[in-house]
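Student:
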Ligand code: ADP
Ligand code: ADP
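Numbering (my numbering), first residue to last: 76 to 300.
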């Protein structure tokens, strides 16, 4: 059954329809890539799943709950932005602990979850570093850890690897896949890079002009005869 379900979804900016009538079902634990050229509606679709953009019509259901009818703090959506949006003045530990502190968890639990989160992304031992004292790939992992510790139902990643150089991008592909398999979290990521979608995703949603042009596993979409 679908864990995330987009049905008859239309997304607009004023009079401009960016995404007309989209249908998409995502299973729990899937790693989905939204692939397509700039302007095809990837970010708009992500924003809607995150509840940041109210659909003009249609509906988004996550784990049985209509997103627009669910309070923001109960949606269970994690976001990892292109820019990472880390707090520059806070240590790696405090960056990850930040959201847990807002939840007012006991300090002991915050420590345990934060350490586990840093460990999951291979950053154990880097607790005291500020973001500027970490490499691009490490900053990327830190942003990932910060979202993961909140135990989201769905993790949305907007061009997660685009700021990394070619070597790190390859390394982080493997890393992202490993983290997804280890945690079992449902992930949807946006990319305009076909090789990235092919390497990472369980299924690829190929978008064009706000519509799904093709949908399937990497093999189904790009199998060579
Ligand atoms: P992305 O790199 O995610 O495709 P863009 O660079 O296209 O994003 O857009 C950056 C910002 O500009 C976004 O906040 C987006 O909502 C906004 N934007 C994009 N296209 C338009 C548009 N036609 N009119 C107004 N704002 C736009
Ligand atoms: P992508 O993420 O695939 O680059 P977007 O979802 O950002 O595409 O954009 C889809 C369409 O919606 C584009 O035509 C873009 O110009 C338009 N758009 C995006 N953001 C805005 C905005 N804030 N206002 C008006 N139009 C927008």
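All residues carry an ideal CB built from backbone N, CA and C; glycine is no exception.
Are at least three pairs of beta-carbons, each pair with one atom in the region 197-216 and one in the region 166-173, less than 8 angstroms apart?
Tutor: Contact between the region 197-216 and the region 166-173 is present, because at least three Cβ pairs lie under 8 angstroms.
Student: Kindly indicate which three-state DSSP category residue 237 falls into: helix, strand or coil?
Tutor: Note: residue 237 maps to coil in three-state DSSP.
Student: Counting only runs of 3+ residues fully inside the region 263-297, write out the beta strand (DSSP E) ranges in chain order.
Tutor: Runs found: 278-283, 286-291.
Student: Starting from the C-beta of residue 204, find all residues in its chain whose C-beta is less than 7 angstroms away, skip the five residues before and the five after it, and write them out in chain order.
Tutor: If we look at residue 204 and ignore the five residues flanking it on each side, its Cβ neighbours are 166, 167.
Student: Beta-carbon within less than 7 angstroms of residue 225's beta-carbon, same chain only, minus the 5 sequence neighbours each way: which residues are those?
Tutor: If we look at residue 225 and ignore the five residues flanking it on each side, its Cβ neighbours are 153, 174.
Student: Exposed or buried, which one is residue 264 when buried takes at least 16 other CB atoms within 10 Å?
Tutor: Residue 264 is buried by the Cβ-count criterion.
Student: Which same chain residues end up closer than 7 angstroms to residue 185 when comparing Cβ atoms and leaving out the 5 residues on each side of it in sequence?
Tutor: Cβ neighbours of residue 185 beyond the five flanking positions: 172, 175, 176.
Student: Kindly indicate which three-state DSSP category residue 76 falls into: helix, strand or coil?
Tutor: It is coil, neither helix nor strand.
Student: So, with DSSP's three-state summary, where would you put residue 138?
Tutor: In this structure, residue 138 counts as coil in the three-state DSSP scheme.
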